[in-house]
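**Student:**
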Amino acid sequence: SLLVGTLTFSGSFVAYAKLQGLVSGRPVALPGGPWFNAGLGVLTLAAAVWAVASGQATAYWVLTGLAFVLGITGVIPIGGADMPVVISLLNSLSGVAAAMAGFVIGNQALIIGGALVGAAGLILTVQMSEAMNRSLTNVLFSGFGGGGGAAEMSDKPVNRATPEDVAISLAYAERVMIVPGYGLAVAQAQHAVRDLAAALEERGITVEYAIHPVAGRMPGHMNVLLAEADVPYEQLLDLDHANPKFPMTDVVLVVGANDVVNPSARDDPNSPIYGMPILEVDKARTVVVIKRSLSPGFAGIDNPLFYLDKTLMLFSDAKAGLEEILAALVAL
222 SLLVGTLTFS GSFVAYAKLQ GLVSGRPVAL PGGPWFNAGL GVLTLAAAVW
272 AVASGQATAY WVLTGLAFVL GITGVIPIGG ADMPVVISLL NSLSGVAAAM
322 AGFVIGNQAL IIGGALVGAA GLILTVQMSE AMNRSLTNVL FSGFGGGGGA
372 AEMSDKPVNR ATPEDVAISL AYAERVMIVP GYGLAVAQAQ HAVRDLAAAL
422 EERGITVEYA IHPVAGRMPG HMNVLLAEAD VPYEQLLDLD HANPKFPMTD
472 VVLVVGANDV VNPSARDDPN SPIYGMPILE VDKARTVVVI KRSLSPGFAG
522 IDNPLFYLDK TLMLFSDAKA GLEEILAALV AL
């Protein structure tokens with residue numbers, strides 16, 4: 222219980238720091254690669270055996286220290302793009318730690334509750350890995366998100382747009398698809414995007430939302446935010462239902478999403494995210510991206526979508542940009 226709980230505690234801090242931008246979202250290479258953690262894991266297990274066999278306080282302190290370090294070194298080599306999967310796994314481990322503590326103190330409620338949390342977290346972890354078309358071992362040991370290419374296209378021109386330009390594109394559309402991402406969550410722009418969608422619907426425009434399973438900080442993050450803004454559930458489309466509709470969509474409004482709409486995952490075999498299912502927004506007639514800058518997402522790679530002729534880039538905070546678009550739309 223001490224081993225798993227301490228490992229989960231320190232690993233969660235690293236995941237939080239990566240998501241908040243306190244440390245780089247890029248994978249950190251350890252000396253010796255996976256063998257470093259393997260050796261540290263063996264030492265930690267040896268310390269656990271020592272602690273159980275001897276009962277000495279020193280042994281428990283050594284075990285705590287090794288487990289704490291193992292939690293850090295276990296998560297820090299994983300790229301920020303994989304943090305939703307890591308969070309699910311850490312959540313599962315917290316349940317395992319609780320169940321083990323229940324065995325120690327003979328508390329059946331703690332055992333049952335911990336087992337349920339552990340099982341639910343593990344199921345979610347597997348589902349998230351499958352949604353990214355990758356195995357859990359690949360997520361944990363491949364150093365995902367560390368590939369190059371961030372500067373490969375950074376000198377190419379983009380089509381900069383104003384809120385008025387975006388408002389005109391939306392006003393003359395018949396079908397609009399909104400793709401929320403991490404930037405929407407950071408800016409707390411869920412109510413602003415709902416207000417814009419309502420204004421479009423008043424004009425007779427069909428509005429739907431395409432939700433990627435790993436968009437945001439954690440699984441289901443976008444669904445929760447949009448539900449908070451009273452977005453009708455029937456307007457939320459998962460990846461499999463959204464992709465066939467993009468070729469028939471006049472305007473796709475990407476709000477703070479990056480890696481989950483990166484065509485490199487589909488087209489570039491050398492990309493570190495190749496094979497990950499994406500929302501194929503590049504197949505729509507026009508793409509509008511609201512983003513603070515051209516900086517890469519958690520995967521640390523550039524996004525060719527930003528440089529397409531059909532893409533309009535509105536460089537702005539998500540909430541402020543949406544409010545400016547709404548004001549321009551009302552003024553038309």
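For any residue, its number in our numbering is found by taking its place in the sequence shown, counting from 1, and adding 221.
Where is the CB? At the ideal position from N, CA and C, for every residue including glycine.
Can you check which of these residues, TYR403, ASP488, ARG355, is closest to ALA539 by C-alpha distance?
**Tutor:** Walking along the sequence shown from the start, residue 539 turns up at place 318. Of TYR403, ASP488, ARG355, the residue nearest in Cα terms is TYR403.
**Student:** Quick one: grab the DSSP three-state call for VAL249.
**Tutor:** Taking the sequence shown and counting its residues from 1, the one referred to as residue 249 is at position 28. In the structure shown, the three-state DSSP call for VAL249 is coil.
**Student:** Can you list, in chain order, the residues of its chain whose CB lies under 6 Å from that of GLY370, leaving out five sequence neighbours each side?
**Tutor:** Counting from 1 along the sequence shown, the entry for residue 370 is found at position 149. Low per-residue confidence applies at GLY370: pLDDT is 43, beneath 50, and the placement is therefore not dependable enough to give any value.
**Student:** Measuring straight from C-alpha to C-alpha, what distance separates VAL263 and LEU223?
**Tutor:** Sequence index remark: in the sequence shown, residue 263 carries index 42 (1-based). Sequence index remark: in the sequence shown, residue 223 carries index 2 (1-based). Using only the alpha carbons, I get a separation of about 16 Å.
**Student:** Could you tell me which residues DSSP puts in a beta bridge with ARG396?
**Tutor:** As a first step, residue 396 is located in the sequence shown; it is residue number 175 there, counting from the start. BP columns for ARG396 point to THR427.
**Student:** For THR285, report the span of its alpha helix (DSSP H) as first-last.
**Tutor:** What you label residue 285 is simply residue 64 of the sequence shown in a count that begins at 1. From DSSP, the alpha helix (DSSP H) with THR285 extends over 278-296.
**Student:** Mind the definition here: the stretch 392-411 touches the stretch 422-435 only if three or more C-beta pairs lie below 8 Å; say whether that holds.
**Tutor:** yes
**Student:** Secondary structure at ARG355, three-state DSSP: helix, strand or coil?
**Tutor:** Reading the sequence shown from its first residue, position 134 is the one you call residue 355. Three-state result, ARG355: coil.
**Student:** Taking the continuous beta strand (DSSP E) assigned at LEU261, which residues delimit it?
**Tutor:** For the purposes of this step, residue 261 is identified with residue 40 of the sequence shown, where counting begins at 1. Going by DSSP, LEU261 is part of no beta strand (DSSP E) but of the alpha helix (DSSP H) stretching over 255-275.
**Student:** Skipping 5 residues on each side, what residues in its chain have a beta carbon closer than 6 Å to that of PRO384?
**Tutor:** Looking up residue 384 in the sequence shown gives position 163. The answer, listed in chain order, is GLU545, ILE546, ALA549.
**Student:** By alpha-carbon positions, which one of MET353, VAL407, VAL235 ends up nearest to PHE289?
**Tutor:** Here residue 289 refers to the residue found at position 68 when the sequence shown is read from its first residue. Comparing Cα-Cα distances from PHE289 to each of MET353, VAL407, VAL235, the minimum goes to VAL235.
**Student:** I'd like to know if the stretch 313-328 and the stretch 276-289 are in contact, where contact means that at least 3 CB-CB pairs between them fall below 8 Å.
**Tutor:** no
**Student:** Going by CA-CA distance only, name the one from MET469, MET443, THR470, PRO468 that's closest to LEU457.
**Tutor:** Reading the sequence shown from its first residue, position 236 is the one you call residue 457. Here the closest residue by C-alpha is MET443.
**Student:** Going by beta carbon distance, what residues of the same chain come within less than 6 Å of LEU310, once the five residues before and after it are set aside?
**Tutor:** In the sequence shown, residue 310 corresponds to position 89, counting from 1. THR346.
**Student:** Does DSSP classify THR229 as helix, strand or coil?
**Tutor:** The sequence position of residue 229 within the sequence shown is 8, counting from 1. Helix, per DSSP.
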